[in-house]
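Asks: Let me begin by handing over the structure; questions about it come next.
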Amino acid sequence: MHAPRPQTRFLAVIASLALALGTGLPAAEAQVRNLNMGSTSSTSPVYAWAVATANVINKANVGLNVTVVESGAALDNLRKLKEGVFDFALSIDIPSAMQMYHGIDSFKGQPWKDVRVLFIRNVTVDRVYVRKDAGVRTFRELAGKKFSPGIPGASSTAYMMKFNEVLKANIAFVPATLADSIAALQTNRIVGLQKTSPVKAMDSSLIEVNLTTPLTVIGFTAEDVAAITKAYPYIPFIETPRGTIAQLPEAGPMHELAPIVGAMASKDLPEDVVYRIVKSYVEGQPEVAASYPAVKGWDPVADLFRYVPEGAEVPAHAGLVRYARERGIEVPKRFLPPEVK
């Protein structure tokens, strides 16, 4: 094999310098890095957030090329992060990541201390939708009825099953993809389904369904919440007053599960890579909001530190800490990972 000609080596150096100038990065960091990003089911409205997130990072011209990979959402994404299948992943709620960090509940006996949070999307609710003609008013009243808790592998699905055990509701669960669950709901093969939704609105995938198959939303009573949080103290609930949900003003008052959802990675994903991911996402958030309006008004970094309750956090990635400090956002000590001085 012949050694590269001096002219070839010179052109390679020039190309590297040009990329560095174009991205604003040092030449050593300017090689384009390909990243696989875990997301969720392609039939979920949240998939639009994943696609928009990848687009703003790719368009930021910071030497990153992100590929969206469909997945089973939170629990599936966490497992694939640990396995190295994904470089980073979206659609992961903080409580699920905390369980994995400590090796409890869904990850009992399998702690993974390397999981790190990058940013949050927003605060949502894991909402329980039922056919209005089913006459069901609370989660416990689903007893003996067929109900889809969500897609297999999603944290919200696992929560519904945990709550069923705590409350001894004896619900006949039928986990399925969103598309299959909606079809079953419309044909009365199940009485309802769980779907992560904006706090003040129906999930967009169910708005049209509601026109032909009238729906309502049910939740948990104060007594239910007391029993659940006694068993799982890190799981957050909010109270939803009557009139909160724009398309279903008659629903409520009730308590609903309200996890904070965001992006996660391993601590081994380099600091400079995560810094570029976070910076690109924050600066591109207006474009993301055009595709997924639920993120509008949320600060992906500051709101992480503001809304995650003490004791329910996972460490921030070093790249996030760097970005937050650069913006003058204080990072509480409870979020600082061991690798950050």
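Just so we're aligned, residue 6 is where the sequence shown starts under this note's numbering, counting upward by one.
Note that CB positions come from ideal geometry on N, CA and C, so glycine has one too.
These figures come from a predicted structure and were not determined experimentally.
Taking C-beta to C-beta, are L190 and F144 nearer than 8 Å?
Replies: On the sequence shown, position 185 is the one that residue 190 refers to. On the sequence shown, position 139 is the one that residue 144 refers to. No.
Asks: With 16 as the cutoff for other CB atoms within 10 Å, does R330 come out buried or exposed?
Replies: For the purposes of this step, residue 330 is identified with residue 325 of the sequence shown, where counting begins at 1. Exposed: under 16 other Cβ atoms inside 10 Å.
Asks: Please identify the residue among A294, A270, V61, V287 whose C-alpha is closest to the C-alpha of P305.
Replies: Numbered from 1 along the sequence shown, position 300 holds the residue referred to as residue 305. For the residues A294, A270, V61, V287, the minimum Cα distance to P305 belongs to V287.
Asks: Determine the direct distance from the alpha carbon of G43 to that of L69, and round the result to whole angstroms.
Replies: For the purposes of this step, residue 69 is taken as residue 64 along the sequence shown, with counting starting at 1. For the purposes of this step, residue 43 is taken as residue 38 along the sequence shown, with counting starting at 1. In a straight line, the C-alpha of L69 is about 15 Å away from that of G43.
Asks: For the alpha helix (DSSP H) holding V56, just list the boundary residues, first then last.
Replies: One-based indexing of the sequence shown puts residue 56 at position 51. Its alpha helix (DSSP H) spans residues 52 to 64.
Asks: With H, G and I counted as helix, E and B as strand and the rest as coil, what does DSSP make of D98?
Replies: Working through the sequence shown from its first residue, we reach residue 98 at position 93. Of the three classes helix, strand and coil, the one that applies to D98 here is strand, per DSSP.
Asks: Measure from the alpha carbon of D98 to the alpha carbon of each residue in Q115, G89, S111, E88, then state which is nearest.
Replies: Your numbering for residue 98 matches position 93 in the sequence shown. For the residues Q115, G89, S111, E88, the minimum Cα distance to D98 belongs to S111.
Asks: I believe Y312 touches P100 by the beta-carbon criterion, under 8 Å. Please report the beta-carbon distance rounded to the nearest angstrom.
Replies: Taking the sequence shown and counting its residues from 1, one reaches residue 312 at position 307. Taking the sequence shown and counting its residues from 1, one reaches residue 100 at position 95. With 8 Å as the limit, Y312 and P100 do not qualify as a contact, their Cβ atoms being about 12 Å apart.
Asks: Mapping the DSSP letters down to three states, classify F91 as helix, strand or coil.
Replies: Translated into the one-based positions of the sequence shown, residue 91 becomes position 86. Correct three-state label for F91: coil.
Asks: From the DSSP output, in three-state form, read off Y297 for me.
Replies: If you number the sequence shown from 1, residue 297 lands on position 292. If DSSP states are grouped into helix, strand and coil, Y297 belongs with coil.
Asks: Since G158 contacts L80 with CB under 8 Å, what's their CB separation in whole angstroms?
Replies: To locate residue 158, count along the sequence shown from 1; it is residue 153. To locate residue 80, count along the sequence shown from 1; it is residue 75. Confirmed, Cβ separation roughly 5 Å.
Asks: Express the C-alpha separation of A317 and L198 in angstroms, rounding to a whole number.
Replies: Within the sequence shown, the letter at position 193 stands for residue 198. Within the sequence shown, the letter at position 312 stands for residue 317. So the alpha carbons of these two residues sit roughly 27 Å apart.
Asks: Does the contact criterion of 3 or more C-beta pairs under 8 Å hold for the segment 321 to 335 versus the segment 249 to 260?
Replies: Counting Cβ pairs under 8 Å, fewer than three are found: no touch.
Asks: Check for me: the alpha helix (DSSP H) holding I212 runs from which residue to which?
Replies: Taking the first residue of the sequence shown as 1, we reach residue 212 at position 207. Segment 209 to 217, the alpha helix (DSSP H) holding I212.
Asks: Expressed to the nearest angstrom, what Euclidean distance is found between the alpha-carbon atoms of R339 and S209?
Replies: Translated into the one-based positions of the sequence shown, residue 339 becomes position 334. Translated into the one-based positions of the sequence shown, residue 209 becomes position 204. Answer to the nearest angstrom: the Cα atoms are 36 Å apart.
Asks: Could you give the DSSP three-state label for V230: helix, strand or coil?
Replies: Reading the sequence shown from its first residue, position 225 is the one you call residue 230. DSSP places V230 in helix when its eight states are reduced to three.
Asks: Among V336, P314, E315, which has the Cα closest to the Cα of A321?
Replies: If you number the sequence shown from 1, residue 321 lands on position 316. Considering only alpha carbons, the answer is V336.
Asks: Based on Cα-Cα distance, which residue from V37, R84, S47, Y52 lies nearest to A65?
Replies: Counting from one through the sequence shown, the residue named residue 65 turns up at place 60. Taking only the C-alpha atoms, the option nearest A65 is V37.
Asks: Decide if K346 is buried, meaning its Cβ has at least 16 other Cβ atoms within 10 Å, or exposed.
Replies: For the purposes of this step, residue 346 is taken as residue 341 along the sequence shown, with counting starting at 1. Classification of K346: exposed, given that the 10 Å Cβ count is below 16.
Asks: T249: buried (16+ other C-beta within 10 angstroms of its C-beta) or exposed?
Replies: Residue numbering aside, residue 249 sits at position 244 when the sequence shown is read from its first letter. Buried: at least 16 other Cβ atoms inside 10 Å.
Asks: Give the straight-line distance between the Cα atoms of P254 and Y237, rounded to the nearest whole angstrom.
Replies: Numbered from its first residue, the sequence shown carries residue 254 at position 249. Numbered from its first residue, the sequence shown carries residue 237 at position 232. C-alpha separation (whole angstroms): 30 Å.
Asks: Using 10 angstroms around the beta-carbon of K200, count the other beta-carbons present and answer buried if the total reaches 16, otherwise exposed.
Replies: Translated into the one-based positions of the sequence shown, residue 200 becomes position 195. K200 should be labelled buried.
Asks: Per DSSP, K151 is paired with what?
Replies: As a first step, residue 151 must be located in the sequence shown, where it is residue number 146. Answer is A177.
Asks: In or out: P246 buried (at least 16 other Cβ within 10 Å) or exposed?
Replies: The sequence position of residue 246 within the sequence shown is 241, counting from 1. With fewer than 16 Cβ atoms within 10 Å of its Cβ, P246 is classed as exposed.
Asks: Which residue's Cα is closest to the Cα of K150: V179, G289, A268, E315?
Replies: Numbered from 1 along the sequence shown, position 145 holds the residue referred to as residue 150. Ranking the options by Cα distance to K150, first place goes to V179.
Asks: How many angstroms separate the CA atom of K284 from the CA atom of T192?
Replies: By 1-based counting over the sequence shown, the position of residue 284 is 279. By 1-based counting over the sequence shown, the position of residue 192 is 187. Straight-line Cα distance between these residues: approximately 46 Å.
Asks: For the beta strand (DSSP E) containing R126, name the first residue and the last one.
Replies: Taking the first residue of the sequence shown as position 1, residue 126 is located at position 121. Start and end: 120 to 128.
Asks: Could you check if V104 is buried or exposed, using at least 16 other CB atoms within 10 Å of its CB as the buried criterion?
Replies: If you number the sequence shown from 1, residue 104 lands on position 99. It is worth fixing the name first, because residue 104 is Gln in this sequence and not Val. Flag for Q104 reads buried.
Asks: Hey, could you find the ends of the beta strand (DSSP E) Q199 is sitting in?
Replies: In the sequence shown, the residue the question calls residue 199 occupies position 194. Segment 197 to 202, the beta strand (DSSP E) holding Q199.
Asks: Check whether the Cβ atoms of A294 and Q252 lie closer than 8 Å to each other.
Replies: By one-based count along the sequence shown, residue 294 stands at place 289. By one-based count along the sequence shown, residue 252 stands at place 247. No, the Cβ-Cβ distance between A294 and Q252 is not below 8 Å.
Asks: Does DSSP put H260 in a helix, in a strand, or in coil?
Replies: Along the sequence shown, one-based indexing puts residue 260 at 255. In the structure shown, H260 sits in a strand (DSSP, three-state: E or B).
Asks: Between the Cα of N169 and those of V133, P50, D119, V74, spot the shortest distance and give me the residue it belongs to.
Replies: Position 164 of the sequence shown, counting from 1, holds the residue named residue 169. Nearest option by C-alpha distance: V133.
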